[in-house]
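Undergrad: Residues in the sequence shown are numbered from 644 upward in steps of one, following my numbering. Backbone N, C-alpha and C fix where the C-beta goes; we use that ideal spot for every residue, glycine too. One structure is given below, represented as C-alpha cells, and several questions about it will come after.
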Amino acid sequence: MLHNRQAMPTPTPERKPLSLPQKALRKMGLLRPVDLALHLPLRYEDETQLVKLADSRDGEVVQIEAVVKSCQVVFKPRRQLQAVVDDGSDTCTLRFFNFYPNMQKALEVGRQVRLRGEVRGGFMGRTMMHPSVQAAGGNLATALTPVYPSTAELPQAYLRKAVLGGLALALRGQAFAETIPANHLPPHSWGLAQALQFLHHPAPDVSLAQLEDHTHPAWQRLKAEELLAQQLSQLQAKRERQLLNAPVLAHSHSPQGVLAQLHAALPFTLTQAQQRVVTEIANDVARAVPMHRLLQGDVGSGKTVVAALAAAQCIDAGWQCALMAPTEILAEQHFAKLVGWLAPVLAPLGLQVAWLTGSQKKKERDTMLALVASGQAALVVGTHAVIQDKVQFKHLGLAIIDEQHRFGVAQRLALRQKLSDEQTNSTEAEGAFSAGDHTNSNPREPHLLMMSATPIPRTLAMSYYADLDVSTIDELPPGRTPIVTKLVADSRRDEIVERIRVQLTEGRQIYWVCPLIEESEALDLRNATDTHQALCEALPSVMIGLLHSRMPQAEKKAVMSLFVQGQMGVLVSTTVIEVGVDVPNASLMVIEHAERFGLSQLHQLRGRVGRGAAASACVLLYSLGEHGRLSDTARARLRAMAETNDGFEIARRDLDIRGPGEFLGARQSGAAMLRFADLTVDHELLDWARQLAPTMLDQHPALAARHVERWLGGKSDYLKA
Ligand code: ADP
Ligand code: MG
C-alpha cells in the first residue's frame, strides 16, 4: 500500500488524506479563514520566561529547556510516545497519546528542546502530558500567548498557526469589513478587525486582566456581532416562512363540528389562560401562513386539551393532524385521552385516530399506515415513528410536538423536511386548501405547534427562540392544592416508608423515582430494582410496580396501566415517567438521589403529583456522598425546589445555575449556541441586536446577508429547526 502510494503520487492536493489535526479542525467547524479568525482564545499564557524543573510546583504550567535522554513508543497501558528529558536541575517524563512521526523526530535523543506544559510530580517522578515541543534556543515570547479551545487531536501550536493564518487571510480579504451602519453601532464600539487583532495578538504591554475582562470593548464588539447574527438569522427564517403557504384551518362554528362537540364533552371549563392560548392558536392556523408557535405552560397547566382543540379545528377544516410525543408511554397517554375525547365524535364522520410507534407489530403498523395514507385517520398519534419515511399523509394540516425540548434538533429538521416534501409532492390541493385564498406558488408547509413544560426565561426566548411565536399558559386549573416539598436525608428513608403506608391507607398512590438504572454500580446508586425489592418487603400487602427503560415495551405498558387504573399502589421507576404522565390520584412523589437530577427535571417530576384535589407532597431524598457534603449546584437546586413551585422562577434559577444549555435541548447545535455573549449579563446588547435586526433586513439587506454569512456560514439552517 505505502509503496504504491509513493510510486504514484496523488495528482491533486485535495486527494491527500487529511492529517489528524486537519480532521480535528474540520470537526470543530473551523473551515474558512473567517471561522478560524472567530475562534477566540480561551485564556492566555505567559511564555516570556523559562524556569527550572527543580523550581516548578506540582500542577504548574511551565516552560523549560532540556535535553532528550530517551524516546520510545510504549504500549502500556496503551499506545503512547514516552520521552525522558533532563534540564540540569531534574528529569521529567513526557507522555503523548496522540503523536505524529515528526514529533518522534523532534524528540530524538540528544536534542535540545523547549517544552511547555503542566508538570505533575507523581510517585514515579515528574511528568508532563502532551507538552508543546519546539527546538530550544528560540526567542522568548515578548507578549502573552493565546490558548485556544481545542481537542486532544489538535495541538495548540498547530491551531494557533491555523488561527493566525486564518486571521491574516480574513483581514486581507474584506471578511471583516464593517457590516453595521455607523449610526447603529453601540456607543464607543471598536471595529471588528481591531477587536480581533487585540484578542489574537495581544500587544506586549497588554495585561492578562485586560484581555480576560469581557467588558473590554474588544469583547463587547464580538458579543454584539454574535447577537446580531443570531437575531438576523432568526428574523430571516421567520420572514422566509411567512412567504410559504399553509392550509387555512378556519374555525368552524357548526354545532355538529368536531370542535363544538369536543367543547361540549370536556369535563371542565377552560381556564382563562387556556382560552387565551386556544384563541391565539385558532387565529394562527386560520391564516394561509405556516404557524410556528411554542406553547409553554408549567407541568399540569393543561396543554393537552389545548392541543386537542387545535386538532379538532384542523379536522373540521378537512385536514389531518399529527401529534408526537418523545416517549411511547407519553404518546400512549395522549392517545388514550384524545381517543376518549375525539373518537366518539369522529366515528359518525367515518374518521379514526391512528397510532404509530417503533415497537408496533408489522401488521398493525401496516393497517395504521394505510389509514394515514387514505386520510381516514384524521388524527395520528405516536412517537417519532410518525416522521419515518414510510409514513405518507394524505393531507397533513397541523403537526403538534409535545415536550418539544426532548426532541433533538435533527429530528425536528427531519420533521420539517418531511412535512414540506409531503406537501410539495402532492399534486393537487386538497379540500380546504384549494378553497384558500393564496395566489402564489411558494412551497406549502403544515402548521407547527410545539409544546413545552420547561418555561423559557425571557432573555432566552428573545434570543434563541426569536423566530417563534410564543403562547404561555400562566395559570393552573382551579382546585389544585399546592405541592409541599420536603428535603429529607437518605438516612431517614424509613420515615418515608411510614408515610407511604399512611397515604396508601387513604387510597392514594405513590411514585418513587430513582436515577438511571445502568449507572447504579459505578456510581453506587441504589438502583430501582433494590428499592423496589425493599419496598415490597416493607409493604407486603401492596402492589408495587417497577418501571425502567430497559424493560420490553409490552411490560412497561402493562405496569403503567395497572398504575393508571389504580390497582397498583406504588410505582418505582427510573425517569421514564419524567414527562407528561397523568394520574390524578397520585399524591406523593419520592425522588431518590435528588441531588443527581437537574432542576427542570426535578420540577417536571414533581409535577406528576398535585393533579387531583388531595394535598400532595414531594419528598426529595438526598445523600451526601463520599465527601459528606452536597456540591454547591446540588444544594442550589434542592433549595430552589423547596422554595418555589413556580415553573418560571425555577427556570430562571436553573439558568443561573447551569447556563442556557439546559433549555436548549432542541437547539443544542454548536451553531446555535452563543459563544461569546452571556445572556445573564448582556441584556443591553441583546436589546440592541433585537432592535437593529429588522432595520438591517429592511434597509441594508446586503450588509445583513454578509453579517450572517460571516458568523453562521452554512450553519444557519439549524436555527430554523
Ligand atoms: P400538561 O400541561 O402538563 O400537559 P395536562 O394537559 O396533562 O397538563 O393536564 C393536567 C391535568 O389537568 C389533566 O388531568 C387535565 O385533564 C386537567 N385539566 C386540564 N385543563 C383543566 C381545566 N381547565 N380544569 C380542570 N382540569 C383541567
Ligand atoms: Mg403534557
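#1: Taking I972 as the reference, which of A1257, L1264, R1278, F1206 has the closest Cα?
#2: Which runs of the alpha helix (DSSP H) at least 4 residues long sit entirely within the region 1207-1282? Give them in chain order.
#3: Looking only at C-alpha atoms, which of H1191, P1195, G1212 sits nearest to S1184?
#4: Would you check if the distance between the CB atom of W984 and the CB atom of A951 is smaller than 7 Å?
#5: Have a look at the DSSP bridge pairing and note the partners of S1114.
#6: Just confirm the distance between the C-beta atoms of S869 and A1320, as a whole number of angstroms; I'd bet it's less than 8 Å.
#7: How would you write the range of the alpha helix (DSSP H) that C1179 sits in, first residue to last?
#8: Should D1330 be labelled buried (16 or more other beta-carbon atoms within 10 Å of its own) or exposed?
#9: For G768, report the span of its alpha helix (DSSP H) as first-last.
#10: Go ahead and label E1164 buried or exposed: buried means 16 or more other beta carbons lie within 10 angstroms of its beta carbon, across all protein chains shown.
#11: Starting from K1129, follow its DSSP beta bridges and name the residues at the other end.
#12: Report yes or no: do three or more beta-carbon pairs, one from the region 786-806 and one from the region 672-689, lie closer than 8 Å?
#13: When DSSP labels each residue in this structure, what does H1027 get in the three-state scheme?
#14: Kindly give me the distance between the Cβ atoms of Y1265 and D1133, rounded to whole angstroms, as I take these residues to be in contact under 8 Å.
#15: Under 6 Å from any heavy atom of the ligand ADP, does the C-beta of F911 make it?
#16: Whose CA, out of M767, A786, Q873, K748, lies closest to the CA of H1350?
#17: Specify whether the region 935-948 and the region 904-919 touch according to this definition: at least 3 beta carbon pairs, one from each stretch, less than 8 Å apart.
#18: Among the residues of its own chain, which have a CB less than 6 Å from the CB of P792, if the five just before and after it don't count?
#19: Would you call the region 807-826 and the region 695-705 in contact, with 3 or more CB pairs under 8 Å?
#20: Quick check: the region 781-800 against the region 847-859, are at least 3 beta-carbon pairs closer than 8 Å?
#21: Quick one: what's got a C-beta closer than 8 Å to T653's C-beta in the same chain, skipping five residues either side?
#22: Looking at the structure shown, is K1033 part of a helix, part of a strand, or coil, going by DSSP?
#23: Please go through the same chain and pick out, in chain order, the residues whose beta-carbon is closer than 8 Å to the beta-carbon of V1127, but skip the five residues on each side of it.
#24: State the CB to CB distance for the pair Q885 and V932, rounded to an integer number of angstroms; the pair is presumed to be in contact (CB under 8 Å).
#25: Which of helix, strand or coil does DSSP assign to C1157?
#26: Taking only heavy atoms of the ligand MG into account, decide whether any of them is closer than 6 Å to the Cβ of K980.
#27: Considering only C-alpha positions, which residue in the set L878, L842, L887, Y743 is nearest to Y1086?
#28: With a threshold of 16 other CB atoms inside 10 Å of the CB of G1253, please say whether the residue is buried or exposed.
#29: Could you have a look at K712 and say whether DSSP puts it in helix, strand or coil?
#30: Determine which residues share a DSSP beta bridge with Q777 and list them.
#31: Within 6 Å: the Cβ of K946 and any heavy atom of the ligand MG?
#32: Output needed for V790: all residues of its chain with C-beta closer than 8 Å, excluding positions within five of it in sequence on either side, in chain order.
#33: How many whole angstroms separate the CB atoms of V1024 and L981, which I take to be in contact at a CB cut-off of 8 Å?
#34: How many angstroms separate the CA atom of D730 from the CA atom of M671?
#35: Any heavy atom of the ligand ADP inside 6 Å of the beta-carbon of V920?
TA: In this structure, then:
#1: F1206
#2: 1242-1249
#3: G1212
#4: yes
#5: L938
#6: Residue 869 is actually Glu in this sequence, not Ser. Rounded, the Cβ-Cβ distance is 5 Å, consistent with contact.
#7: 1171-1181
#8: exposed
#9: G768 -> not in any alpha helix (DSSP H); beta strand (DSSP E) instead, spanning 768-772.
#10: Note on E1164: pLDDT 47, under 50, position unreliable in the model; no value is reported.
#11: V1262
#12: yes
#13: helix
#14: 6 Å
#15: yes
#16: Q873
#17: yes
#18: L685
#19: no
#20: yes
#21: Summary for T653: the model assigns pLDDT 41, below 50, so the residue's position carries little reliability, and this model does not support an answer.
#22: coil
#23: A1258, S1259, A1260, C1261
#24: 5 Å
#25: coil
#26: no
#27: Correcting the residue type first, residue 1086 is Pro in the shown sequence and not Tyr. Selected option, being the one with the closest Cα: L887.
#28: buried
#29: strand
#30: R757
#31: yes
#32: P684, L685, R686, Y687, E688, Q799
#33: 6 Å
#34: 36 Å
#35: no
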